[in-house]
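Notes for the one structure printed next.
Residue numbers (the working numbering): 1 to 126.
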């Protein structure tokens, strides 16, 4: 793995669970150039609209605006940015198909293994 690729990335990380968001950020944030945190889909969408990101990582089930709704809005503006979904719910084939249709690049099941997250980020952007 070429860590240099990761060190160039600006990531938007959207997660409503504070402890999980902080723990995950502290684990993968050292591998990338910059991480901007958002607490729900609306917050994430606003930050996305006001900045430029190389990658979006988002939870699905959040208050105010879900990850799915946020992805739909992001895709109206940007069809290229990779989006990694993290979810605690067992993803059904129908859900995965729907998320893929609206623009999800890939997904990871929670709890997210940090090594798997780093490898997924790398594979997604290389």
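Backbone N, C-alpha and C fix where the C-beta goes; we use that ideal spot for every residue, glycine too.
DSSP, reduced to helix, strand and coil, places residue 23 within a helical segment of the structure shown.
Taking all protein chains in view, the Cβ of residue 100 is surrounded by fewer than 16 other Cβ atoms within 10 Å, so the residue is classified as exposed. Of the residues assessed, residue 15 falls on the buried side of the cut-off, its CB having 16 or more other CB atoms within 10 angstroms. Looking from the CA of residue 43, the closest CA among 55, 67, 23, 22 belongs to 67. According to the DSSP assignment, residue 70 belongs to the alpha helix (DSSP H) that extends over 67 to 77.
Taking the Cα positions, residue 10 is about 9 angstroms away from residue 56.
Of the residues 40, 18, 32, the one whose Cα lies closest to the Cα of residue 117 is 32. Under a 10 Å Cβ-count criterion, residue 59 is classified as buried, with 16 or more other Cβ atoms of the shown protein chains found around its own Cβ.
A residue is called buried when at least 16 other Cβ atoms come within 10 angstroms of its Cβ; residue 88 does not meet this threshold and is exposed.
The beta-carbon distance between residue 71 and residue 102, rounded to whole angstroms, is 5 angstroms. This is short enough to meet the 8 angstroms contact definition.
For residue 108, there is no enclosing alpha helix (DSSP H); the enclosing beta strand (DSSP E) covers residues 106 to 109. The criterion of a C-beta distance shorter than 7 angstroms is not satisfied by residue 30 and residue 13.
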